[in-house]
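One structure is given below, encoded as C-alpha cells.
Number of protein chains: 2
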Amino acid sequence: MHNENVYIFLGFMSTMNRRATIRDVAELAAVSVATVSRVLNGSELVTGITADSVRLAAERLGFRLNSIGRNLRSTKTQTIGVILPTLTHPVFADCLQAIEIKAADSGYGLVIATTSYDPANEERASELLLRNRVDGLILTVANANKSRLLEKLDREAKPYVLVYNQPTGAAKHRASVGVDNRLAAKQVTEHIIANGHRHLCMVSGPFAQSDRARARARGFADALEHANLPATAPLQVDFMRTDIRAQLFEVTSTRPTPTAFFCSSDQLAIRVMHSLRSLGLRIPEDVSVAGFDGITLGDWLTPALTTVVQPTNEIAESAFTLLKSIIDGERYLGSARLHHTLRTGGTVAKPPDHPAQSPKKGTL
Amino acid sequence: MHNENVYIFLGFMSTMNRRATIRDVAELAAVSVATVSRVLNGSELVTGITADSVRLAAERLGFRLNSIGRNLRSTKTQTIGVILPTLTHPVFADCLQAIEIKAADSGYGLVIATTSYDPANEERASELLLRNRVDGLILTVANANKSRLLEKLDREAKPYVLVYNQPTGAAKHRASVGVDNRLAAKQVTEHIIANGHRHLCMVSGPFAQSDRARARARGFADALEHANLPATAPLQVDFMRTDIRAQLFEVTSTRPTPTAFFCSSDQLAIRVMHSLRSLGLRIPEDVSVAGFDGITLGDWLTPALTTVVQPTNEIAESAFTLLKSIIDGERYLGSARLHHTLRTGGTVAKPPDHPAQSPKKGTL
DNA sequence: ATGAAAGCGCTAACAT
DNA sequence: ATGTTAGCGCTTTCAT
Numbered sequence: 001m002h003n004e005n006v007y008i009f010l011g012f013m014s015t016m017n018r019r020a021t022i023r024d025v026a027e028l029a030a031v032s033v034a035t036v037s038r039v040l041n042g043s044e045l046v047t048g049i050t051a052d053s054v055r056l057a058a059e060r061l062g063f064r065l066n067s068i069g070r071n072l073r074s075t076k077t078q079t080i081g082v083i084l085p086t087l088t089h090p091v092f093a094d095c096l097q098a099i100e101i102k103a104a105d106s107g108y109g110l111v112i113a114t115t116s117y118d119p120a121n122e123e124r125a126s127e128l129l130l131r132n133r134v135d136g137l138i139l140t141v142a143n144a145n146k147s148r149l150l151e152k153l154d155r156e157a158k159p160y161v162l163v164y165n166q167p168t169g170a171a172k173h174r175a176s177v178g179v180d181n182r183l184a185a186k187q188v189t190e191h192i193i194a195n196g197h198r199h200l201c202m203v204s205g206p207f208a209q210s211d212r213a214r215a216r217a218r219g220f221a222d223a224l225e226h227a228n229l230p231a232t233a234p235l236q237v238d239f240m241r242t243d244i245r246a247q248l249f250e251v252t253s254t255r256p257t258p259t260a261f262f263c264s265s266d267q268l269a270i271r272v273m274h275s276l277r278s279l280g281l282r283i284p285e286d287v288s289v290a291g292f293d294g295i296t297l298g299d300w301l302t303p304a305l306t307t308v309v310q311p312t313n314e315i316a317e318s319a320f321t322l323l324k325s326i327i328d329g330e331r332y333l334g335s336a337r338l339h340h341t342l343r344t345g346g347t348v349a350k351p352p353d354h355p356a357q358s359p360k361k362g363t364l
Numbered sequence: 001m002h003n004e005n006v007y008i009f010l011g012f013m014s015t016m017n018r019r020a021t022i023r024d025v026a027e028l029a030a031v032s033v034a035t036v037s038r039v040l041n042g043s044e045l046v047t048g049i050t051a052d053s054v055r056l057a058a059e060r061l062g063f064r065l066n067s068i069g070r071n072l073r074s075t076k077t078q079t080i081g082v083i084l085p086t087l088t089h090p091v092f093a094d095c096l097q098a099i100e101i102k103a104a105d106s107g108y109g110l111v112i113a114t115t116s117y118d119p120a121n122e123e124r125a126s127e128l129l130l131r132n133r134v135d136g137l138i139l140t141v142a143n144a145n146k147s148r149l150l151e152k153l154d155r156e157a158k159p160y161v162l163v164y165n166q167p168t169g170a171a172k173h174r175a176s177v178g179v180d181n182r183l184a185a186k187q188v189t190e191h192i193i194a195n196g197h198r199h200l201c202m203v204s205g206p207f208a209q210s211d212r213a214r215a216r217a218r219g220f221a222d223a224l225e226h227a228n229l230p231a232t233a234p235l236q237v238d239f240m241r242t243d244i245r246a247q248l249f250e251v252t253s254t255r256p257t258p259t260a261f262f263c264s265s266d267q268l269a270i271r272v273m274h275s276l277r278s279l280g281l282r283i284p285e286d287v288s289v290a291g292f293d294g295i296t297l298g299d300w301l302t303p304a305l306t307t308v309v310q311p312t313n314e315i316a317e318s319a320f321t322l323l324k325s326i327i328d329g330e331r332y333l334g335s336a337r338l339h340h341t342l343r344t345g346g347t348v349a350k351p352p353d354h355p356a357q358s359p360k361k362g363t364l
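These protein sequence lines map, in sequence, to chains A and B.
This note's numbering numbers the first residue of the first sequence as 1 and each following residue consecutively.
This note's numbering numbers the first residue of the second sequence as 1 and each following residue consecutively.
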C-alpha cells in the first residue's frame, strides 16, 4: 500500500546523516508519535493492525530507540551502576560478570567504574554514575561503616546494595549481600587448627582498604582464642604493590615458626605460596596455606587450594534482585547473609613432626 | 549578599523531592541558564565574578549535572561501550580494568556487556549499547572477518576498535589492536621444539568462538612445518563446559605420545596441567606445557607458566586512544600490532629420555 | 559578556 | 484505540 512512500523514505533516510526518530516512524506509518511509543513499549492498547504497520515502518527506517530521549522524559534509565575496587581480582570480575548476565536478562544496562581500593576514587566514580542518573548502584566500598559515598547515597535516598561489604552497628541499615566473613574465617582457621597446627599466621591485605579483611582477621582471632592459642597480629601486606617475599622470610625465620598461613584472599594465598616455595618450603609438607574466596582457579592448582567458597553467582543475583526491589519502591528490605562453604584442597595438612626447616636465605 | 535567598532556596530544594536543575541554579545566581551552562562547561566567556556566583549557587543547591539532558542535546554521550566474551577470563577482565582507568582519566564513562562467546549475544549486547548512543565501542568478537555486528557498525559508521581480534583479508580495514597471534604462537612452539620435543599437541578452545584460537593454531602449524615435523590437528575442547580429562587421557594414551602441549590460552593451560597431573604426569619432567596470554597469575604458579605475554595495558590504552581519534573524526587510521614477549617459566623443559610413562587409568 | 529561545527524542497526561 | 501537547534538562545559535 505505502510501498512507494516506503522506498522514498528509505532512500531519504539513508541519504540523511541522521537516524530515524520516532517521529519519522509515525509519519511513515501514518499514525501519531504516541502510538509509535505505545507499540515500542508493548502497550496493549494498540490494535494489531496499526501495531504491525508501526513495526514495519520502524524496520524499514532502521529505527533504533534513543534511550537518552526516553530516559530524559521518564527519569528512569534502566541502567545500574557498579563500583568495584578492581577487576584484576577474580572475585570482583566474576561478580561483575554474573551481575551483567542477570541485568541483561532483566533488560538493564550496566555502567561501571573501579576505585583501585581508594576512597577518593569512590567519590569520583559515583559522581560519574550519578550524573548519568543510574537507577541504582551495586558496589563494594573500602569501609561500609564509614563511607562518605554511602552517606551521600543515604542522604539522596539513592537505591544501592553493597556486595561483599558487611556493614555493622549504626550502618546495619545499609542493604548488603555477602557471607559472614568473621564466621567463615573462624571456621577455616578451626579447620587448620584441627589439622594439628599450633602456630598460625594470618596474612592480610591492608585493613584500611577492606572491611572484609578486618572481619576475617577477627574470625581468625576468634578461632585462636577458642582453641586457647595465643593471639597473633596479622601480617598486613600490600601485595598489589610490593614484593611480599621479604616479609614472609622475616616471619618464617622468627620463633615460633608458623606452620600454617591463613590468607585473607585466594589471590593473596597464591602469592604467599609462591613466596614460601621460593624460600624452600613445601606445601603442605612443611607449611600449610588456606585462602578465602573460592575462586575457580584455586581448584586447578596442585595441590588444590583450601579455602572458603563465597557463592559469587548467588551474591550477584541476590544483589541485583534486592536492588531492583529497592528501586521499585520496597523499603526496609533486609540484607542477605549467604551461605559459605569450606573447600578442602590439599594445601592444608598436618604440621611437620619436626619444626619446619629454616628457610634458605637464597637470593634475598 | 544573597544570603537570605540562599537559605530560602536551600530549604526549598531540600524539601522538594527533586534535584536542582540548571534552571534553579540560574535563578539563585540571578543569571540565565545559558550562563550557568557556560560556567559548567568551563567557557572562557564568563566573567570571574559571575562564574563564582554560579558555582556558589550550584554548590548551595547540591546541583549535579544531568548527563541525560546534556547528551540528548549534544548528541554525544562521553560514554564508550565495551563488549567482551566474558570477564571470567583474566585477559578480558584485566583489559576492561585498564580501559576503565584510561577512560575515567579522559572523562569517559563505560557501559559494558558480555557475550559468553555467542554471536547471538553480540547482537543483543550491541543494540543495548547503541540505544544508549555510546560514542564508540571497544570489543572482541568471535570472528572479526565475518561478523554481523561489525557489518552493522561499518554500515552505520559507528566508531569501534577491536581488541585481540585480528581481522584479515577483506576485513583488514577494521581498526584493531592486539598482538600477531600467528607469529607469537609460532614462536612459543619453536621454543618448545628447541627444547627437543618432536611430538607436540595443541589444545585449543573452540575455533568457532575465537579467531585468535584459529590464528594461533596456524602459528603452531607454521612452526611444525618449519621444523619438518608432521602436522597434527589441534585438540578442540570446550573447557568452560566440559571436563577435559577424558580427552587428554585419550591423547596421552595414543602413540606417538605427545611430550608437549601448547594451549591457546593460559586459562586453558592451567586446566590442562591440572588434568595431566591427575593422570599421573609430572610437569615438566614427563610432559611440557605452554600457554598464551601472559596472565599475571601464571607467574605465581610453581613452576611458573611458560607463555606468550600480551601487553594488556598497552592494548587497552592503545585501543582507547585509537577509538578516541576515530570518534574525533580522524579516518583511515591504521590498526596496531603490539609487541608480544615470550615468558619462559618452568613448564617447558626437555622431553623425558624414555617415552612418557603411560598414564594411570586412575578413576577414569 | 550575557540572555532569549529553540529543540534534542521521547513519554505521559489529557483529550477525543 | 488513537491523537495532541507539554516538557524532561540541557546546549547552542542568534541577539544584544
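The C-beta atom is built at its ideal place from N, Cα and C for all residues, glycine as well.
Requested in this report: Measuring only between beta-carbons, confirm whether residue 10(B) sits less than 9 angstroms from chain A.
Outcome: The pLDDT assigned to residue 10(B) is 42, lower than 50, so where the model puts this residue is not dependable, and the model offers no usable value.
Query raised in the report: Rounded C-beta distance between residue 269(B) and residue 246(B)? I'm assuming under 8 angstroms.
Result: That pair is no contact at about 18 angstroms.
Query raised in the report: Is residue 104(B) close to chain A, meaning its C-beta is less than 9 angstroms from at least one C-beta of that chain?
Result: yes
**Report entry** Classification of residue 83(B) by the beta-carbon crowding that lies within 10 angstroms, buried from 16 upward
**Finding:** buried
Query raised in the report: Is the shortest distance between the beta-carbon of residue 23(A) and the beta-carbons of chain B less than 9 angstroms?
Result: no
Query raised in the report: Given a threshold of 16 other Cβ atoms within 10 Å of its Cβ, counted over all protein chains shown, does residue 340(A) qualify as buried or as exposed?
Result: buried
**Report entry** Contacts of residue 37(B) in chain A (Cβ-Cβ under 9 angstroms)
**Finding:** Under the 9 angstroms cutoff, chain A gives no residues; its nearest Cβ is about 15 angstroms from residue 37(B).
**Report entry** Cutoff 6 angstroms; reference residue 186(B); Cβ partners in own chain excluding five residues on either side
**Finding:** 219, 222, 223
Query raised in the report: Does residue 288(A) have its Cβ less than 9 angstroms from a Cβ in chain B?
Result: no
Report task. Have a look at the DSSP bridge pairing and note the partners of residue 81(B). Result -> 111(B), 137(B)
Query - Beta carbon proximity, residue 124(A) to chain B, threshold 9 angstroms - result: yes
Query raised in the report: Within 9 angstroms (strictly less), CB to CB, does residue 66(B) reach chain A?
Result: yes
Query raised in the report: Is it right to say residue 22(A) is buried, meaning 16 or more other beta carbons lie within 10 angstroms of its own, or is it exposed?
Result: buried
Requested in this report: Answer with buried or exposed for residue 32(B), where buried requires no fewer than 16 other C-beta atoms within 10 angstroms of its C-beta.
Outcome: exposed
Query raised in the report: Among 267(B), 41(B), 258(B), which one has its Cα closest to the Cα of residue 350(B)?
Result: 258(B)
Query raised in the report: Cβ of residue 121(A) within 9 angstroms of Cβ of residue 211(A)?
Result: no
Query raised in the report: Within this structure, are the beta carbons of residue 88(B) and residue 97(A) separated by less than 9 angstroms?
Result: yes
Query raised in the report: chain A partners of residue 109(B), CB-CB under 9 angstroms?
Result: 111, 112, 113, 128, 129, 131, 132
Report task. Report the three-state DSSP secondary structure of residue 104(B) (helix, strand or coil). Result -> helix
**Report entry** Which listed residue (137(B), 215(B), 205(B), 226(B)) has its alpha carbon closest to that of residue 238(B)
**Finding:** 205(B)
Query raised in the report: Taking the C-alpha atoms as reference points, what is the distance between residue 346(B) and residue 18(A)?
Result: 57 angstroms
**Report entry** Range covered by the alpha helix (DSSP H) that runs through residue 345(B)
**Finding:** Unbroken run through residue 345(B): none, as it is neither H nor E.
Query raised in the report: Taking just the CA atoms, how far does residue 112(A) sit from residue 13(B)?
Result: Per-residue confidence for residue 13(B) stands at a pLDDT of 49, beneath the threshold of 50, marking its modelled position as unreliable; the derived number appears in the next sentence. When rounded, the distance between both Cα atoms is 29 angstroms.
Query - Within the stretch 197-226 of chain A, ranges of the alpha helix (DSSP H) (whole runs, at least 4 residues) - result: 211-226
Query - Which of helix, strand or coil DSSP assigns to residue 245(A) - result: helix
Query raised in the report: residue 287(A) to residue 261(A), Cα distance in whole Å?
Result: 8 angstroms
Report task. Please name the residue, chosen from 29(A), 42(A), 64(A), 41(A), that lies closest to residue 50(A) on a Cα-to-Cα basis. Result -> 29(A)
Report task. Have a look at residue 24(B) and residue 135(A) and give me their C-alpha separation to the nearest angstrom. Result -> 23 angstroms
Query raised in the report: If the cut is a Cβ gap below 7 angstroms, which residues of chain B does residue 327(A) touch?
Result: What residue 327(A) touches in chain B: nothing, since even the nearest Cβ is about 16 angstroms away.
Query raised in the report: Taking only beta-carbon atoms, is residue 101(A) less than 9 angstroms away from chain B?
Result: yes
Query - Beta carbon proximity, residue 93(B) to chain A, threshold 9 angstroms - result: yes
**Report entry** Opening and closing residue of the alpha helix (DSSP H) in which residue 307(A) lies
**Finding:** Run containing residue 307(A): none in the alpha helix (DSSP H); it sits in the beta strand (DSSP E), 307-309.
Query - Short CB-CB distance (under 9 angstroms) between residue 87(A) and chain B - result: yes
Query - Inter-residue Cα distance where the pair is residue 208(B) and residue 119(B) - result: 10 angstroms
Query raised in the report: Any Cβ of chain A within less than 9 angstroms of the Cβ of residue 366(B)?
Result: This structure does not reach residue 366(B), given that chain B is present from 1 up to 364, and the question cannot be answered.
Query raised in the report: Would you report the Cα separation of residue 180(B) and residue 323(B), rounded to the nearest angstrom?
Result: 20 angstroms
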